[in-house]
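Working notes, structure below.
Chains as they are written, first to last, in my numbering: chain A, 1 to 282; chain Z, 283 to 680.
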């Protein structure tokens, strides 16, 4: 609207100057915001190449040593391994259960369906401190010793909600006639699921799995309540921060960051390639 | 049962099939026998239960009661994927993540039939789409998708092929073309086709036998020309083409004709073409059987006459002209006239008489008391008419 107004009336004398300030101001603001966002990441990456002595706070010179000898600090490697294990296990469990729940919620009418939907949202809305403390109390009263297993159970619990929400949208957009056509064409219920339903839901399931893994890998609060002696990567970093984080932690953080970037770039490129191919054949 | 190709089409028999959903009955005590190799159409308005019937036969729904037999075998409780039946879905339901050829070969591969790919290519050649075998369904036009859906079903050589309004999404020209192709394929492969549609013209041009369905029941069944020339109920008379219907008491019923008093005029109908022969009856005649006269014709034996009336509306459609004629005491009647000369023979407001041969009349089984005059009230045309009459009444008062 403002565009059409300025276009029809003669430009006032001050306009070029104001435009200049606007341009300059917006640019500066954008740069500041980006710098603010990226400094911690840049810091982490840069200091993964620091030639450390006792602490990794002061820059002492460039080296690849930390990258080449990640497991020199064994705790870092153990914690990272634990995080991968927990993330993997929780992702598999949450994605399997969550996908089944999403299909049930969309396809079937049953008692307490609305209540189930509401309850699924609760873990997302509840503060993590409350969830973590509540679970810890349950594990204690059930007599389950805290360790990797309890972390996996806890992570599965909060990941399920996100899986259900992600996959449900995909199930809702799936035409039930496709599965009926499968049955009509002599496919048994199992074949219908694996050859029709599953491939069509796969993009949603992959998105849900990636989200689950990221949430699990990242989680500190709930983990801290339910881990006992087991150490995950975020927990290790938290504890290590008190006496100085080893550069190997920076290496792992940077590696995870690069892996995520590569994943995004690859998926974007392959999607673009597929679009191009489709456009060519269509 | 599903492990081999059907040698030929199979008889389909429904015995007392009912289907109730919570809150309504979709199908009520349906008995139906479709002989092997026929092209059978289930015709009816939306919500009449025809699609439910199809889904019951395919096994996608379970009947509440009754039996379904295919080729003499009871398949009522046989799972969908074990029935020798294939369906062409209304939405085609092609698998979007598979190529065309994989779509067509899907059923063959599930049954582990040798040379599935070869047979699939053959089926695609039948519908002239083999050159698109590697494409995905999304890159095909609606008509092409329809042909793929047909190939995907026909390739399995089912004993019975179900078609659920498969031409519904196509434009008129493509539809005509597909109708002819469908009929050709049926002649070629000799399967039993069960076609569900709400399009009466489609049903009449394609099917050997039509069953007109209404409210979960079959109203009448027969060859297209039989249904058209001799409808037995008002629903059939109006759903399959148009009809002029008149009600009145039978005043003379001896011999070959019954004579009905319609608002003081005597209308004769052949006795053998009438379902009821005494009391209040409804009789009818098709609009194209009427002749419109500008002068009062001389009374003749074997010819019914109504008039004088006034022409309310003339619509010229090139080949023919449709006249709406208001006859006092009788109501509006419709007449079609071929434009053998030039244009409409009479014009709006003209005083006319209509005649038709007695032999063209038919008598309906409905009780006139249950019958609303001419069209059902929920018909779009009669809603518009009622609206107009209400408006006119209001204007008249003011």
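Backbone N, C-alpha and C fix where the C-beta goes; we use that ideal spot for every residue, glycine too.
At a cut-off of 8 Å, the C-beta of residue 429 (chain Z) has no neighbouring C-beta in chain A. Annotated three-state conformation of residue 642 (chain Z) is helix, per DSSP. At a beta-carbon threshold of 9 Å, the residues of chain Z lying near residue 199 (chain A) are 377, 379, 380, ordered along the chain. By the criterion of at least three beta-carbon pairs nearer than 8 Å, the region 388 to 399 of chain Z is not in contact with the region 456 to 471 of chain Z. Using a Cβ-Cβ cut-off of 9 Å, residue 269 (chain A) is close to nothing in chain Z; its nearest Cβ partner there is about 20 Å away. If you draw a straight line from the Cα of residue 38 (chain A) to the Cα of residue 44 (chain A), it comes to about 10 Å. A Cβ-Cβ contact shorter than 8 Å links residue 418 (chain Z) with residue 381 (chain Z). As the crow flies, the alpha-carbon of residue 491 (chain Z) is around 6 Å from that of residue 323 (chain Z).
Nearest in C-alpha terms to residue 450 (chain Z), of all of Z:428, Z:341, Z:646, Z:301, is Z:428. The beta strand (DSSP E) runs lying completely inside the region 472 to 548 of chain Z and spanning 3 residues or more are 474 to 479, 491 to 496, 499 to 504, 526 to 534, 539 to 544, given in chain order.
Here residue 83 (chain A) is buried: its Cβ has 16 or more other Cβ atoms, across all protein chains shown, within 10 Å. Neighbours of residue 186 (chain A) across chain Z, judged by C-beta separation under 7 Å: 284, 363, 389, 392, 393. About 13 Å separates the beta carbons of residue 602 (chain Z) and residue 624 (chain Z), which is beyond the 8 Å limit, so they are not a contact pair.
Interface residue (Cβ-Cβ distance to chain A less than 8 Å): residue 373 (chain Z) is classified as such. Going by DSSP, residue 151 (chain A) is part of the alpha helix (DSSP H) stretching over 148 to 172. Under the DSSP assignment, residue 308 (chain Z) falls in the beta strand (DSSP E) whose first and last residues are 306 to 316. As the crow flies, the alpha-carbon of residue 138 (chain A) is around 13 Å from that of residue 222 (chain A).
Looking at the DSSP output, residue 613 (chain Z) bridges to Z:609. Bridge partners of residue 563 (chain Z) according to DSSP: Z:530.
For residue 84 (chain A), the enclosing alpha helix (DSSP H) starts and ends at 74 to 107. Proximity to residue 107 (chain A) across A:67, A:171, A:156 peaks at A:171, based on C-alpha coordinates.
Setting aside the 5 residues that flank it on each side, residue 128 (chain A) is surrounded in the same chain by 221, 222, each with a C-beta closer than 6 Å to its C-beta; the list follows chain order. Here residue 185 (chain A) carries a coil assignment [DSSP, helix/strand/coil]. Chain order gives no chain A residues near residue 397 (chain Z), where near means a beta carbon separation below 8 Å; the closest approach is about 16 Å.
Within the DSSP secondary-structure output, residue 618 (chain Z) pairs in a beta bridge with Z:604.
Under the DSSP assignment, residue 302 (chain Z) falls outside any alpha helix (DSSP H), being part of the beta strand (DSSP E) whose first and last residues are 294 to 303. Using a Cβ-Cβ cut-off of 9 Å, residue 191 (chain A) is close to 363, 392 of chain Z, given in chain order. Neighbourhood of residue 445 (chain Z) in chain A, by CB distance below 7 Å: empty, with the nearest CB roughly 12 Å away. Close partners of residue 178 (chain A) in chain Z (Cβ separation under 7 Å): 375, 377.
In the same chain as residue 434 (chain Z), and ignoring 5 residues on each side of it, the C-beta atoms closer than 6 Å to its own belong to 385, 386, in chain order.
Distances from the alpha-carbon of residue 58 (chain A) to those of A:264, A:90, A:247 put A:247 closest. With a contact defined as Cβ atoms closer than 8 Å, residue 473 (chain Z) and residue 440 (chain Z) qualify at about 7 Å. Going by DSSP, residue 336 (chain Z) is part of no beta strand (DSSP E) but of the alpha helix (DSSP H) stretching over 332 to 340. Of all residues in the region 339 to 353 of chain Z, only 340, 341, 342 place a beta-carbon less than 9 Å from a beta-carbon of chain A.
Distance from the CA of residue 88 (chain A) to the CA of residue 147 (chain A), rounded to the nearest whole angstrom, comes to 16 Å. Contacts with chain Z at 8 Å (Cβ-Cβ) include residue 183 (chain A).
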